[in-house]
Amino acid sequence: MATIADKTLTKVTYPVEGMTCASCANSIESMLRSREGVEEANVNFAGKTVQVAYHEGQVTPAQLRETVQEIGFDILIEQKTQEELEERQAKALAGLKRKTIVAGVLALPVFVLGMFFHDTFSWGNWAMLVLTAPVLLWAGQRFFTGAWAQAKHFRANMDTLVALSTGIAFIFSVFNTVYPEFFLSRGLMPHVYYEAVAVIIAFILLGKYLEEGAKDRSSSAIKKLMGLQPKTVRVLRNETELEIKIEEVQVGDRVVLLPGERIPVDGEVAAGTTYVDESMLSGEPLPVQKKPGDMLYAGTINQKGSLQLIAQKTGGETMLAHIIKLVQEAQGSKAPVQKLVDRIAGIFVPVVLGIAILTFAAWLVLGGEAYLTEALLSTISVLVIACPCALGLATPTAIMVGVGRGAENGILIKDAESLEHAHKVNAVILDKTGTITLGKPSVTDVVWAQDTVMQQRLETLFFSMEAQSEHPIAQAIYTFYKEQGQKALQPAYFNSLTGLGIEAEYDGKRYFAGNEKLLQQQGVELPAHLLQAARQLQEDAKTVIFFADAQQALAVFAVSDPIKPAAAEGIKAMHEAGLEIYMLTGDNRQTAEAVARQVGVEHFQAELLPNDKAEFVKKLQAEGKVVAMVGDGINDAQALATADVSIAMGQGTDVAMDVAGITLMRSDLTQVAKAVRLSRATVQTIRQNLFWAFFYNVICIPVAAGVLFPFTGFLLNPMIAGAAMALSSVSVVTNSLRLRVKKV
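Right under this line is the structure:
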């Protein structure tokens with residue numbers, strides 16, 4: 001929830017019922033956006049959802065629903081569980097299946113009579129009328145109710161095309177069945193087209209049924225994630241073990257877990273030791289040892305030992321719930337290319353109606369002896385074949401499958417825009433600490449300027465200063481001295497100097513801890529032997545921290561942050577993907593150079609402040625590069641926000657993950673190349689889908705209008721047009737589903 005202009009702006013996603021094509025999605029969007037109080041509305045046709053941002057004081061969910069119902073659709077404003085939504089979808093799909101079967105069974109004899117025995121039986125036309133009527137009026141009812149709801153608002157969609165084509169053909173056929181003398185008296189044959197009506201509706205219903213099933217599979221990632229949480233859980237309350245529903249677990253409950261069970265909530269191990277399969281979060285197949293004090297996450301699997309954990313996050317607050325929400329929002333978001341497609345789909349149906357009218361008029365003027373029959377058939381074919389479904393499904397189905405594929409591999413994509421932009425990336429910036437290194441530094445060397453009786457007191461003061469800082473290096477020093485039993489003193493004054501270090505005051509004296517630049521700024525003397533020791537430590541890829549008073553440096557501490565095992569492999573994979581790699585760090589140049597050399601990074605920048613990292617991103621962008629920034633800390637947030645594509649390491653800070661468009665649940669740099677390859681594969685699929693959707697319409701509409709007839713005598717049968725239209729949508733969704741098995 002966000003506040004804009006002192007009005008509460010609510011952003012919520014609702015399931016949508018009744019959509020049949022991309023034009024339906026556009027109608028819903030435009031109607032909602034025209035409603036006072038609605039800031040934004042985005043419909044995901046493939047996901048059958050609408051995301052609405054509205055001001056609570058100006059419009060209610062019930063009014064939003066009324067707006068959508070006016071044009072023949074519905075949104076579910078009541079909160080539904082996933083099981084309830086799946087049950088509704090299964091019921092709707094079963095109803096569609098039933099109508100498809102009935103339409104097919106009735107259409108078959110109509111097709112046989114119309115195509116092979118149309119002049120054989122005197123009662124043939126009446127038999128076809130009786131069989132076709134339920135196909136049109138019951139199985140095909142949705143097309144007419146949808147078209148009428150749209151027409152009341154001077155709109156048109158796929159329902160309009162189907163209703164017009166089959167309705168006109170049916171009325172014309174009924175007229176010729178009831179009153180054949182009208183055309184016979186004018187020397188014309190009273191043709192009927194019941195077979196075209198019945199077969200077209202049967203084919204379109206079959207196509208929608210197959211399409212719905214395929215779309216359902218494209219959102220399987222969400223179902224898999226939601227299936228990771230158990231429905232019941234055992235808790236200890238008042239020393240009694242109770243089995244309760246997952247929704248009844250409260251923060252602070254002691255949860256009992258047996259081997260092989262899924263962990264129901266996020267919490268801390270209170271008793272027991274085990275190994276936990278966290279592959280659903282990290283993608284890492286090897287189990288992780290857990291002991292008292294360690295965190296456990298909902299959806300992961302307890303493998304061997306019995307455990308008790310204290311619930312810390314339940315329901316929608318767990319890491320699993322957060323992941324599901326991110327995936328849902330990403331699957332429902334729109335890629336930039338989709339906005340262009342939406343605009344095309346918005347004018348597509350009116351253009352097709354215009355082409356159909358021109359087709360009918362042209363055949364009436366230029367046709368031969370059977371001009372009326374050919375005009376009618378060609379117009380029906382144009383209306384039937386020109387469905388915008390394939391166009392509307394091209395992008396969202398690929399995005400849904402791509403986002404789901406990423407989630408299955410531990411790559412969380414926040415929005416479709418990040419997924420689409422990542423394929424353009426040619427430069428990757430890596431933060432050093434926590435991204436290339438483990439981010440868990442430890443003290444390895446301590447060199448004092450001289451032995452002094454004051455050394456123990458100075459160590460206490462240095463420890464006390466570092467205890468005030470939250471920097472990872474400060475934490476390493478704090479841990480080092482804490483294990484030696486040091487006690488921290490409260491400073492009279494303390495200040496953190498961004499990018500330099502810290503300063504504090506004890507006993508009326510000023511002390512400093514930080515890098516060499518800090519000492520230079522403060523005019524502190526640096527003994528030659530201490531400087532030489534620092535240089536040697538830096539060559540060994542260690543970070544050095546100087547401790548000084550206002551006059552001179554007193555000691556140098558070396559802290560080593562081990563390089564991640566897969567860092568070099570990840571950087572090699574990025575190179576193989578054609579990416580240029582840069583490493584940025586606030587550390588000194590010598591340490592940065594040593595780390596870069598070990599992992600194979602050619603370009604690096606050292607001693608940078610957070611603002612400097614963001615400026616470096618802008619510098620690369622000014623050179624024409626599309627930049628991805630990979631970081632894990634608060635000091636990376638500015639650079640992450642500036643980059644074209646922002647990637648956060650999953651074990652980093654919440655700030656970094658909130659800013660980033662992509663989060664790697666496993667802090668493994670090999671995932672960066674996977675994310676880029678996934679983006680490339682997704683965008684390639686979108687392009688393929690859009691090409692075939694456009695190509696289909698560009699080729700098929702003129703053929704349906706009869707442009708080949710003067711040269712070849714070929715006139716497209718409306719039944720074939722119906723089959724082609726159904727096949728186009730199914731083929732687009734099927735092509736998107738190929739991403740599910742594509743190696744990334």
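Mapping of the sequence shown onto the UniProt record's numbering: residues 1 to 744, in sequence order. Just so you know, even glycine gets a beta-carbon here, dropped at the ideal spot from N, CA and C. Small disclaimer: the values here were computed from a predicted structure and weren't measured.
Alpha carbon of Ser30 to alpha carbon of Lys231, nearest angstrom
40 Å
Enumerate in chain order the residues of its own chain whose CB-to-CB distance from Glu721 is below 6 Å, with the five nearest sequence positions on each side excluded.
Here residue 721 turns out to be Ala, not Glu, going by the sequence shown. Excluding sequence neighbours, Ala721 sits near Ser381, Val384, Ile385, Ala704.
If you drop the 5 nearest sequence neighbours on each side, which residues of the same chain put their C-beta closer than 6 Å to that of Ala567?
Ile436, Val599, Leu669
Which residues in the same chain as Pro180 place their Cβ atom closer than 6 Å to its Cβ, once the five residues preceding and following it in sequence are excluded?
Pro190
Looking only at DSSP bridge pairs, what is Asp74 linked to?
Glu17
Rounded to whole angstroms, what is the Cα-Cα separation between Met1 and Thr60?
With a pLDDT of only 35 at Met1, under the threshold of 50, the placement of this residue in the model should not be trusted; the figure read from the coordinates follows. In a straight line, the C-alpha of Met1 is about 15 Å away from that of Thr60.
Between Met719 and the rest of its own chain, which residues show a CB-CB distance below 8 Å, the 5 nearest in sequence each way excluded?
Phe111, Glu195, Ala196, Val199, Ile200, Phe203
Tell me, which residues are paired with Ser496 by DSSP?
Ile502
Using CA coordinates, which residue listed in Val288, Pro472, Met465, Gly508 is at the minimum distance from Leu489?
Met465
Take Leu309 as the anchor and find which of Val235, Val698, Ala107 has the nearest alpha-carbon.
Val235
By a C-beta neighbour count over all protein chains shown, 10 Å radius and 16 as the cutoff for buried, is Val276 buried or exposed?
buried
Among Lys152, Tyr54, Val645, which one has its Cα closest to the Cα of Asn426?
Val645
Any Cβ of chain D within less than 8 Å of the Cβ of Ala422?
Here chain D cannot be found, since the structure has a single protein chain.
How would you call Ile662, buried or exposed, if buried means at least 16 neighbouring beta carbons within 10 angstroms?
buried
Would you please state the rounded distance, in angstroms, between the beta carbons of Asn238 and Ile263? I believe it to be under 8 Å.
With 8 Å as the limit, Asn238 and Ile263 do not qualify as a contact, their Cβ atoms being about 23 Å apart.
What's the call for Trp126, buried or exposed, on a 16-neighbour Cβ count within 10 Å?
exposed
With distances taken between CB atoms, is the gap from Val733 to Thr397 smaller than 8 Å?
yes
Can you give the Cα-Cα distance for Val16 and Leu419, rounded to whole angstroms?
24 Å
Going by CA-CA distance only, name the one from Ser560, His603, Glu593 that's closest to Ile581.
His603
Can you find the residues in the same chain that come closer than 6 Å, C-beta to C-beta, to Glu261, ignoring five residues on each side of it along the sequence?
Asn302
I'd like the list of long-range same chain contacts for Lys618, defined as Cβ closer than 7 Å, with 5 residues on each side in sequence excluded.
Thr642
Please go through the same chain and pick out, in chain order, the residues whose beta-carbon is closer than 6 Å to the beta-carbon of Gly406, but skip the five residues on each side of it.
Ile413, Leu678
Could you tell me which uninterrupted alpha helix (DSSP H) segments, each at least 4 residues in length, are contained entirely in the region 85-152, listed from first to last along the chain?
124-134, 141-151
Which residues bound the alpha helix (DSSP H) around Asn611?
610-622
Please state if the CB of Leu296 and the CB of Val269 are separated by a distance shorter than 8 Å.
yes
What three-state label does DSSP hand Asn588 in the structure shown?
coil
Which runs of the alpha helix (DSSP H) spanning at least 4 residues fall entirely within the region 340-415, listed in chain order?
371-385, 389-408
Do the CB positions of Asp632 and Ala648 come within less than 8 Å of each other?
yes
Considering Thr177, what are the terminal residues of the beta strand (DSSP E) in which it resides?
It is not in any beta strand (DSSP E) - Thr177 instead sits in the alpha helix (DSSP H) that spans 158-178.
Continuous alpha helix (DSSP H) stretch holding Leu518: start and end:
516-522
Select from Ala467, Glu576, Ala594, Asp540 the residue whose C-alpha is nearest the C-alpha of Ser496.
Ala467
Looking at the secondary structure, which residues open and close the beta strand (DSSP E) in which Arg237 lies?
232-237
Provide the residue span of the alpha helix (DSSP H) that contains Leu669, from first to last.
Leu669 -> no alpha helix (DSSP H), and no H or E assigned at all.
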